[in-house]
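>
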């Protein structure tokens, strides 16, 4: 019998960095959504990640989920 655990990779991972949240769009769909719906300031971009102030996080997650993206905190 196999003990393999099926894991699902979310479209977007987020991480609380104290004063901001770090968002990491993983899937092609998530990257496309971010490209189409967001303008990320250069000082808020960190390679494949981008930073979001706490006050905007809930709304952004709701918009992403409303578009069918899965969002996971890590």
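In the working numbering, the protein residues as written are 0 to 73. By construction, the Cβ of each residue, glycine as well, lies at the ideal position given by its N, Cα and C atoms.
(1) Answer yes or no: do residue 29 and residue 68 have a C-beta to C-beta separation smaller than 8 Å?
(2) Using DSSP bridges, identify the partner residues of residue 48.
(3) Please state whether the Cβ-Cβ distance between residue 71 and residue 19 is less than 8 Å.
(4) Out of 36, 66, 48, which has the shortest C-alpha to C-alpha gap to residue 25?
(5) Within the same chain, show all residues whose beta-carbon is closer than 6 Å to that of residue 6, passing over the 5 residues directly before and after it, in chain order.
So, from the listed chains and residues:
(1) yes
(2) 45
(3) no
(4) 48
(5) none
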